[in-house]
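Encoded as structure tokens, the structure appears first; notes follow it.
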Amino acid sequence: MKKTIAVIGGGAAGFFGAIAAAETYPQARVVLFEKGRNVLSKVRISGGGRCNVTNAAATVADLLKGYPRGAKFLKPLFPRFSNQHTIEWFEQRGVKLKTEADGRIFPTTDSSETIVRCLQQQAQQAGVELQLSTPIRQIRPVDAGFELVGTDETIFAVDRVLVTTGGHPQLTGYQWLSELGLSILSPVPSLFTFNIPDSFTRELPGLSVSDALVRLAGSKLQQEGPVLITHWGLSGPAVLKLSAWAARELAETNYQFTSLVNWTNEKPEAARTSLEAFKKMNAGKFVATVAPFGIPNRLWRALLVENEIKDQVRWVDLNGKLFNRLLENLTNGTFQVQGKTTFKEEFVTCGGIALNQLHPQTLESKAIPGLYFAGEVLDIDGITGGYNFQAAWTTGWIAGQSIGQGL
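For the sequence shown, this note's numbering assigns the number 12 to the initial residue and increments by one for each residue that follows.
This is the structure in structure tokens:
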């Protein structure tokens with residue numbers, strides 16, 4: 012009689028794990044359980060419906076820089092299945108990919124359905140059985156393997172289990188796993204934008220600055236890159252990266268904190284020298300007509316209003332306190348953040364299964380042999396740019412290749 016490998020969760024890691032298991036252990040039956048009526052729903056909406064498959068980081072070391080949590084755990088796994096392996100995997104199966112200027116990799120079709128179809132076809136070809144609308148509420152270890160208990164009390168007898176149920180916003184979402192004696196790190200949101208209701212930037216939605224530095228007051232945490240001004244506050248890669256690296260610290264503040272923005276991304280003294288030189292070069296011009304540091308005109312004018320510098324002031328007249336105050340706002344603008352907003356439809360949490368409970372080379376539970384984990388259910392999360400999917404592909408593939416050993 013065939014041994015059964017169960018995969019719980021029909022997302023990116025679940026499909027990749029199920030495919031890897033079915034291809035590596037053709038003698039076993041692989042069944043993928045999904046609580047909903049549809050699979051791969053997060054893959055469908057990611058990247059604005061285009062699916063940011065992975066990142067083009069040139070080396071494993073570069074790739075690891077995208078993980079605020081989990082980098083040490085992933086370090087020995089990436090040589091076995093990296094972003095380069097991901098690219099090859101999809102391209103060998105007929106999915107052509109393209110790399111954008113910021114390193115994000117998408118299908119050339121610009122449609123996530125291309126990725127969804129590929130995963131579904133590969134699962135079908137490998138013989139993976141899909142059980143849709145089948146939520147699992149409990150995993151019971153028994154002598155012969157495991158019993159999976161559905162919400163309708165149906166019991167499925169299986170030999171090995173791979174859990175790929177993704178992240179949850181509440182600790183209660185992990186209750187069924189903590190009942191197994193597993194240690195769970197409390198989940199908190201990771202990628203999010205900063206809500207700043209009382210700011211002059213409210214009048215500048217859609218405006219972006221290509222290279223700024225965003226910091227947290229009272230902390231060494233900072234990130235640089237493009238900053239996007241939105242209707243509700245600040246977003247863009249620099250803000251999203253900072254939200255990921257500071258996820259736990261910001262949760263502790265209940266998202267009430269001070270963010271500092273250097274619109275010039277030059278060190279204050281260098282910015283002072285640059286601004287003095289710019290002032291000298293444009294001495295006879297009105298301050299409002301020429302913006303330094305390549306700052307967009309609308310933002311520059313808003314900064315002048317904020318600093319009470321009138322349109323008829325010329326650069327030659329910008330002295331003393333006015334100059335210093337403007338420089339301070341350019342290099343150390345203060346924003347009172349009051350809340351967060353999820354970035355687009357992307358939902359990422361830090362937290363989940365504590366990594367020290369797993370055998371790092373197989374992703375099997377140390378305490379419960381035969382139980383494996385992959386994807387965002389683990390305490391691994393990446394910044395925006397394809398890193399979270401890469402962690403899902405890597406952990407899914409390695410768990411899937413390991414799960415049938417000895418069956």
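We treat Cβ as the ideally placed atom computed from N, Cα and C, and that holds for glycine. Given the structure is predicted, the values throughout are model-derived calculations rather than measurements.
- Leu191 and Glu375 have their C-alpha atoms spaced approximately 14 Å apart.
- The way I'd put it, the stretch 245 to 262 doesn't touch the stretch 300 to 308; fewer than three beta-carbon pairs between them come closer than 8 Å.
- In this structure, Glu158 places its C-beta atom within 7 Å of the C-beta atom of Arg151.
- Residue state for Gln136 is assigned as helix, using DSSP reduced to three classes.
- Contact between the stretch 66 to 81 and the stretch 111 to 123 is present: 3 or more CB-CB pairs across the two stretches fall below 8 Å.
- Sixteen is the threshold: when 16 or more other Cβ atoms of the shown chains lie within 10 Å of the Cβ of Asn63, as they do, the residue is buried.
- In the DSSP assignment, Asp222 falls within the beta strand (DSSP E) that extends over Ser219 to Leu227.
- The beta carbon of Gly138 sits closer than 6 Å to those of Ala33, all from its chain and outside the five residues before and after it, given in chain order.
- Counted as a single uninterrupted DSSP element, the alpha helix (DSSP H) harbouring Gly60 occupies residues Ser52 to Gly60.
- Residue pairing by DSSP places Val41 opposite Ile16 in a beta bridge.
- Between the stretch 405 to 414 and the stretch 119 to 134 there are fewer than three C-beta pairs closer than 8 Å, too few to call the two in contact.
- As the crow flies, the alpha-carbon of Leu75 is around 31 Å from that of Trp187.
- DSSP, reduced to helix, strand and coil, places His179 outside both helices and strands of the structure shown, so it counts as coil.
- Contact check for Leu196 against Asp390 passes: the beta carbons are separated by less than 7 Å.
- For Gly362, the enclosing beta strand (DSSP E) stretches over residues Thr360 to Ile364.
- Per DSSP, the beta bridge partners of Gln234 are Val225.
- In this structure, Pro180 lies away from Gln349, with their beta-carbon atoms at least 7 Å apart.
- Note that the C-beta distance between Ala365 and Leu173 is not below 7 Å.
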